[in-house]
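Asks: From first to last, the protein sequence lines are chains F and H. Under my numbering, the first residue of the first sequence carries the number 4, and numbering increases by one thereafter. Under my numbering, the first residue of the second sequence carries the number 4, and numbering increases by one thereafter.
Number of protein chains: 2
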Amino acid sequence: MKVGIIGGTGGIGKGMALRLSQNHEVIIGSRKEEKASSSCDDCCDFLKELGLPFNLMPSTNQGVVDNADIVVFAIPPETLQVTIDSLTGLEGKIVVSLMNPMEKGDYFKYVPPEEGSAALELQRMLPQSKVIAAFNNIPAKKWNQISEVLDYSVCVCGDHDEEKQIIMELVNSISELEALNAGPLAVSATVEAITPLVINIAKFNKMRDVGVYFR
Amino acid sequence: MKVGIIGGTGGIGKGMALRLSQNHEVIIGSRKEEKASSSCDDCCDFLKELGLPFNLMPSTNQGVVDNADIVVFAIPPETLQVTIDSLTGLEGKIVVSLMNPMEKGDYFKYVPPEEGSAALELQRMLPQSKVIAAFNNIPAKKWNQISEVLDYSVCVCGDHDEEKQIIMELVNSISELEALNAGPLAVSATVEAITPLVINIAKFNKMRDVGVYFR
Chain F
4 MKVGIIGGTG GIGKGMALRL SQNHEVIIGS RKEEKASSSC DDCCDFLKEL
54 GLPFNLMPST NQGVVDNADI VVFAIPPETL QVTIDSLTGL EGKIVVSLMN
104 PMEKGDYFKY VPPEEGSAAL ELQRMLPQSK VIAAFNNIPA KKWNQISEVL
154 DYSVCVCGDH DEEKQIIMEL VNSISELEAL NAGPLAVSAT VEAITPLVIN
204 IAKFNKMRDV GVYFR
Chain H
4 MKVGIIGGTG GIGKGMALRL SQNHEVIIGS RKEEKASSSC DDCCDFLKEL
54 GLPFNLMPST NQGVVDNADI VVFAIPPETL QVTIDSLTGL EGKIVVSLMN
104 PMEKGDYFKY VPPEEGSAAL ELQRMLPQSK VIAAFNNIPA KKWNQISEVL
154 DYSVCVCGDH DEEKQIIMEL VNSISELEAL NAGPLAVSAT VEAITPLVIN
204 IAKFNKMRDV GVYFR
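(1) Return no unless some Cβ of chain F is closer than 7 Å to the Cβ of H/T193.
(2) Would you check if the distance between the CB atom of F/C46 and the CB atom of F/L21 is smaller than 7 Å?
(3) For the region 95-111 of chain F against the region 58-73 of chain F, are there 3 or more C-beta pairs whose distance is under 8 Å?
(4) What does DSSP give as the partner residue(s) for H/M105 in the beta ladder?
(5) Name the residues in the region 123-144 of chain F whose C-beta lies less than 7 Å from a C-beta of chain H; which are they?
(6) Going along the chain, which unbroken runs of the alpha helix (DSSP H) with 4 or more residues stay wholly within the region 79-165 of chain F?
(7) Check whether the Cβ atoms of F/E117 and F/R127 lie closer than 7 Å to each other.
(8) For a cutoff of 7 Å on Cβ pairs, would you count H/N147 as touching chain F?
(9) Note down the Cα distance separating H/V215 from F/G161, rounded to an integer number of angstroms.
(10) Go ahead and pull the three-state DSSP assignment for F/A71.
(11) What are the start and end residues of the alpha helix (DSSP H) that includes F/I202?
(12) Classify F/V194: buried if its beta carbon has 16 or more other beta carbons within 10 angstroms, exposed otherwise.
(13) Quick check: the Cα distance between F/G13 and H/V68, rounded to an integer number of angstroms?
(14) Just reading off the alpha helix (DSSP H) that F/G14 is part of, what are its end residues?
(15) Below 9 Å on C-beta distance, what does H/L200 contact in chain F?
(16) For F/E181, which residues does DSSP report across the bridge?
(17) Please report whether the beta-carbon of H/V152 lies at a distance below 7 Å from any beta-carbon of chain F.
(18) Beta-carbon separation of F/A122 and F/V134 under 7 Å?
(19) If you measure from the beta carbon of F/I15 to each beta carbon in chain H, is any gap under 7 Å?
(20) If you follow the alpha helix (DSSP H) that H/F49 is in, where does it begin and where does it stop?
(21) Do you know offhand how far H/F111's Cα is from F/E81's?
(22) Can you check DSSP and say which residues form a bridge with F/L59?
(23) Taking the straight line between their C-alpha atoms, what separation do you get for H/L129 and H/I30?
See the structure below:
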């Protein structure tokens, strides 16, 4: 299956592209195709140097929607509405949300939209797409450190069983990540809230790149 | 420090008493002193048989408040108000909440009170106590399996730094639990919500007694 990443040039998006391209055909999307091309070149050079395989191509975000079977939203939650407004043809697609809406103060605070979570908001905006929440709690920096094993637990939530299964397989295809069925999309509120929690834990306990394991 | 457990004859309360009594003086509280006595006898017999030390005494819940430095609320959240109404003298005490309000349907759902979490509700009811949330996500059955190592991460939340530190030390004194400062008491909403999440993960992935590790 072709995986496309909306916001594929951002920190997490780029790291995901690197990781996913080891086993999948990946389309790096950006608002501007030049930006996607430049980021894609960087990724290819980097992987070539490491002697790793890659199967990456650049595109606009709309190109991602047009050509990918799985569309990952790796964008800041505050740009969600404007991004959705700029796209057509998401109906019927598997749409993955890894967004975690939060605010920074003395500590990071989970600030969900009124739907209850960013994934639920995305599903409300795209009633004919199949939204699955996944990859929420992986420390951002770890995506890019491609020589390091990723062995975290990854909660996968969604109301579409078949598509949830496909995303669980996608999760399990990356390094040593372990996909866990965490239930319906409504549960994504708790999963998203774990991201500010782990950032706070890292800060308050002098830890780095804290991830989650459910065992 | 003397640790008293309100609801110390319940599943988790009894398991906590067994574990804590290895290193601390523990008061097992119950609404009825006879019930506390009978549960305390069970615990002492059990520990004696295993050749383990114990330092346990029974009391009423009010006796716990009168004699313990740390008062643990190991009761179902729905009995919180009636329990608080029956007690006096909690002012100034360190009060530990491990309550996780949830509802069972197709899956377990976190249903916080209007304060945002059970710990925040307890702090509102007891404005002169120092409420700390801890021990929320430890699988219930694991408390009692005293021969098994407990090595989970334990989020500790609270707005009183000194008392939070005391509870973190209490956590670290039990088996191989690892206390983590998770921030202010407001963060307890996320920590409490992790309990239904791990129960759901266990159910949907055919796992047992799922706990959490932040690493």
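All C-beta atoms, glycine included, are put in the ideal place defined by N, C-alpha and C.
Replies: Let me lay it out:
(1) Interface criterion met: the Cβ of H/T193 is under 7 Å from a Cβ in chain F.
(2) Going by C-beta atoms, F/C46 is nearer than 7 Å to F/L21.
(3) With a cut-off of 8 Å, the region 58-73 of chain F and the region 95-111 of chain F count as touching, because enough Cβ pairs lie within range.
(4) Answer is H/Y113.
(5) Listed by position along the chain: nothing, the set is empty.
(6) If we require 4 residues or more, the alpha helix (DSSP H) runs fully inside the region 79-165 of chain F come out as 83-88, 121-128, 143-147.
(7) With a cutoff of 7 Å on beta-carbon distance, F/E117 and F/R127 are scored as not near each other.
(8) Cβ-Cβ to chain F under 7 Å: no for H/N147.
(9) For H/V215 and F/G161, the gap between their C-alpha atoms comes out near 22 Å.
(10) It is coil, neither helix nor strand.
(11) Unbroken alpha helix (DSSP H) run through F/I202: 191-207.
(12) Sixteen is the threshold: when 16 or more other Cβ atoms of the shown chains lie within 10 Å of the Cβ of F/V194, as they do, the residue is buried.
(13) If you draw a straight line from the Cα of F/G13 to the Cα of H/V68, it comes to about 54 Å.
(14) Where F/G14 is concerned, the enclosing alpha helix (DSSP H) starts and stops at 14-23.
(15) Result: C158, A185, G186, V190, T193, V194, I197, F217.
(16) As DSSP reads the structure, F/E181 sits in a beta bridge with F/S156.
(17) No - not a single Cβ of chain F is within 7 Å of the one on H/V152.
(18) Yes, the pair counts as a contact, with Cβ atoms nearer than the cut-off.
(19) Residue-level contact by beta carbon fails for F/I15 and chain H, as no gap is shorter than 7 Å.
(20) Counting along the chain, the alpha helix (DSSP H) containing H/F49 begins and ends at 36-52.
(21) Looking at the two C-alpha atoms, the distance is approximately 30 Å.
(22) F/L59 is bridged to F/V29.
(23) Straight-line spacing of the CA atoms in H/L129 and H/I30 works out to 21 Å.
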